[in-house]
Amino acid sequence: MREDRSQNKHDYLPHHEPFQYYKSTANPLHVRPKSLKTIGTNGDGAANHQYDTHDFFDAVKAGNFPAVSYLKAPGYEDGHAGYSTPIDEQKFIVQVINFLQQQPDWEHTAVIIAYDDSDGWYDHEMAPTINGSATKSDALNGAGKCGDGHSALPGVSPAAAHAQGRCGPGPRLPLLVISPWSKPNYVDHAETVQTSILRFIEDIFLGGKRLGAGSFDATSGSLDSMFDFSSSRPKNAQKILLDADTGLVLSSPK
């Protein structure tokens, strides 16, 4: 059946939700968390760390701010060309950032805004191929070819030269860091990928331990240069609230 993309998406897009594909985080029956207090903990039962977006806001309001959260915008606000717009995306981002800036834990918060693909908003320059591949599905620079088919990225087993079928990275994408600890008005030129976010989490909470088994976190660039951790207190302490419709500054609370 042909998809009608003339109308905005309504809400949940299952193929945009990667955690549903892993047993440790799958929630196929959409089981609700036991309570706001258990959100983000191993005690949330069959919910398996899968929640509706409003559960994040409700939990934070109740004093339960999970150490790490992935927020996925509703379909109509995810910024994908064809069924969403940059203004729709702006509304979601502004809602989240305005909310977090008014929380007691904002001083200890970092928001990383990333995109899953270009969806038509292509950059002018192709990124270098870090993980080459040579499967029937590859066609980047020839039939069955992505790069030279060789890479230093380790495979899932000693018998595998490297992880095939994972040609990448793809088109260059925006990555933004908003935090009291981020460098203001700063453009970072370090090469990063989406798993650089995972690496940042691993560095903070796991002492730099990597997933291995062919995961890109082992070779991803660091986000550290986007932050200023040179003092015990954040230097970028100013809070700026925006208008979700216009993107203009509403106020600058203390």
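The sequence shown begins at 1415 in this note's numbering and counts up by one.
Note that CB positions come from ideal geometry on N, CA and C, so glycine has one too.
Proximity below 9 angstroms, CB of residue i to CB of residue j
i: A1528; j: L1587; result: yes
i: P1598; j: E1521; result: no
i: D1562; j: G1584; result: no
i: N1478; j: I1501; result: no
i: T1609; j: S1645; result: no
i: M1540; j: S1596; result: no
i: L1637; j: N1512; result: no
i: I1526; j: I1611; result: yes
i: P1480; j: F1470; result: yes
i: C1412; j: D1552; result: Residue 1412 falls outside the range modelled here, since the chain spans only 1415 to 1668, and no answer is possible.
i: E1503; j: G1496; result: no
Three-state secondary structure assigned by DSSP to residue i
i: N1462; result: coil
i: L1510; result: It should be pointed out that residue 1510 corresponds to Val in this sequence rather than to Leu. Three-state DSSP puts V1510 in a helix.
i: V1445; result: coil
i: F1641; result: strand
i: N1650; result: coil
i: A1632; result: helix
i: L1662; result: coil
i: L1485; result: coil
i: L1655; result: strand
i: E1417; result: Bear in mind that a pLDDT of 41 at E1417, under 50, signals an unreliable position, so the model cannot answer this.
i: D1519; result: helix
i: H1494; result: coil
Residue i - containing beta strand (DSSP E), residue span
i: A1528; result: 1525-1528
i: S1547; result: Premise fails: S1547 is in no beta strand (DSSP E) and is neither H nor E.
Enclosing alpha helix (DSSP H) for residue i [first to last residue]
i: V1474; result: 1467-1475
3-residue-minimum beta strand (DSSP E) runs that sit fully inside the segment 1580-1624, ordered along the chain: 1589-1592
Validate contact between the segment 1421-1440 and the segment 1476-1489 using beta carbons, cut 8 angstroms, 3 pairs: yes
Segment contact flag, the segment 1618-1630 with the segment 1507-1519, C-beta cutoff 8 angstroms, min 3 pairs: no
Stretch pair the segment 1439-1448 + the segment 1459-1478: three plus CB contacts closer than 8 angstroms: yes
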